[in-house]
Amino acid sequence: MLQMMLRPRWVLALLFALAVAAAFALLGQWQIERAVEQSTTIERPTEDVLPLGDLVQPDTATEQVATAQRVEVEGVYVPGDTVLVEGRLNDGVAGYWVVAHLEVTDAAAGGLPVALGWAADRETAQDAADAFDASVVEEVGADAAGVGAETQVVGRFLPSEAPVAPDEDGDPFAMTTVAVAQLINVWADYDDRPVYFGYITTTDAAPGLEAIASPPPEHTFELNWLNVFYAVEWAVFAGFAVYLWYRLVRDAVEREQQEAEEAAAAAAADAAPGAAADSAGDPADSAAAEAK
1 MLQMMLRPRW
11 VLALLFALAV
21 AAAFALLGQW
31 QIERAVEQST
41 TIERPTEDVL
51 PLGDLVQPDT
61 ATEQVATAQR
71 VEVEGVYVPG
81 DTVLVEGRLN
91 DGVAGYWVVA
101 HLEVTDAAAG
111 GLPVALGWAA
121 DRETAQDAAD
131 AFDASVVEEV
141 GADAAGVGAE
151 TQVVGRFLPS
161 EAPVAPDEDG
171 DPFAMTTVAV
181 AQLINVWADY
191 DDRPVYFGYI
201 TTTDAAPGLE
211 AIASPPPEHT
221 FELNWLNVFY
231 AVEWAVFAGF
241 AVYLWYRLVR
251 DAVEREQQEA
261 EEAAAAAAAD
271 AAPGAAADSA
281 GDPADSAAAE
291 AK
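Heads up: the sequence shown begins at 1 in full-length UniProt numbering, then just goes up one per residue.
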């Protein structure tokens with residue numbers, strides 16, 4: 001079989017098969033590169049405190065660049081619009097968030113929910129919310145509308161959550177998510193006014209509350225498995241190209257061997273009648289031999 005492989009025709013066929021396999025291998029490599037490229041997570045400086053106005057605008061969807069970014073913003077709190085959001089986990093413990101209403105003043109005007117902190121039970125959360133509203137009203141500079149003095153808020157900005165309907169036998173006004181669409185229906189006199197579709201979890205908790213655990217986002221890396229599957233397919237095709245060449249050579253060798261065996265059998269068949277006649281000889285000679 002080795003002699004067959006070294007024939008010029010099959011050497012050229014081998015070179016062609018290797019070229020096809022190399023092309024398939026390059027296509028597989030390209031698919032792997034695509035899988036890695038599409039799955040690479042772009043790291044963002046989420047822990048650098050950036051101005052809120054540089055990242056988001058009111059009445060617009062939150063973009064990925066702003067999600068989980070630490071921001072700073074100035075505004076005035078609106079007392080009376082503070083609500084409790086139940087079922088919020090803090091280091092694995094369920095409790096309550098106290099969420100206040102901030103009107104932004106150092107960027108595009110609009111309402112912005114601010115999660116002031118966490119409490120393990122409803123009574124503690126409600127007491128902290130009442131105390132916070134009272135402190136806003138008592139601040140120096142509170143105007144006739146009951147809006148507090150300007151303050152700066154630093155925390156992590158997160159996109160608005162979807163509202164969840166309460167249970168049939170539960171409190172119809174209970175909130176389990178920080179949903180801007182639901183909050184603007186709770187905030188007093190907030191019809192047709194700009195609002196930010198996100199909220200901030202403050203770094204420093206309000207008095208009577210614990211700071212909300214808000215770790216930086218994890219940078220995950222996942223392959224695009226569809227591209228990986230295509231890359232494996234191309235590798236299989238490359239191997240099949242070389243195997244096809246080997247199979248063709250093997251078939252050619254087996255065909256030549258079969259033809260040689262058939263030719264030898266035919267030659268033996270042609271020679272058999274002559275050998276039989278020679279061995280039989282002349283009948284007269286046989287009789288003379290017997291007489292002697």
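Backbone N, C-alpha and C fix where the C-beta goes; we use that ideal spot for every residue, glycine too. These figures come from a predicted structure and were not determined experimentally.
So the candidates are the options; which of them puts its Cα closest to the Cα of residue i?
i	options	result
V180	Y196, T105, D191	Y196
D59	A109, L15, L102	A109
P216	V98, A206, L112, T201	T201
N78	D189, A68, T62	Here residue 78 is Val; the residue named in the question, Asn, does not match the sequence. Selected option, being the one with the closest Cα: D189.
E161	E168, A266, L183	L183
G80	V49, H101, A266	H101
Q31	Y230, A266, E261	Y230
E72	P163, D171, L52, T62	L52
A205	R247, E150, G117	G117
S135	A268, A272, V76	V76
V186	P113, A120, R255	P113
F157	G198, E262, V36	G198
V228	E138, A35, G170	A35
V20	W234, A271, E261	W234
D91	A252, I212, R247, T177	I212
L209	A119, W245, D191	A119
E47	R247, E74, A68	A68
G28	A238, E256, A174	A238
Considering only DSSP beta bridges, list what residue i is partnered with.
i	result
Q69	F157
L112	L102
I200	V114, F157
T151	G75
A119	Y96
E210	W118
R255	R255 is not bridged to any residue.
E86	Y96
V195	G111
L50	V71
Does the Cβ of residue i have 16 or more other Cβ atoms within 10 Å, making it buried, or fewer, making it exposed?
i	result
W225	exposed
F16	exposed
L12	exposed
V236	exposed
L26	exposed
T82	buried
P8	exposed
R70	buried
A289	Here A289 scores only 49 on pLDDT, less than 50, and its place in the model should not be relied on; the value that follows carries that caveat. So A289 ends up on the exposed side.
Y243	exposed
A129	buried
T105	exposed
K292	Only weak support exists for where K292 lies, its pLDDT of 49 falling under 50; the value from the coordinates is given anyway. Flag for K292 reads exposed.
D133	buried
V164	exposed
A267	exposed
F24	buried
V153	buried
Are the C-beta of residue i and some C-beta of chain B separated by less than 8 Å?
i	result
A213	No chain B is present in this structure, which holds just one protein chain.
Please report the residue range of the alpha helix (DSSP H) in which residue i lies.
i	result
L183	180-183
Quiz prompt | Cβ contact check for the region 88-107 and the region 117-129: 3 or more pairs under 8 Å | solution = The way I'd put it, the region 88-107 does touch the region 117-129; three or more beta-carbon pairs between them come closer than 8 Å.
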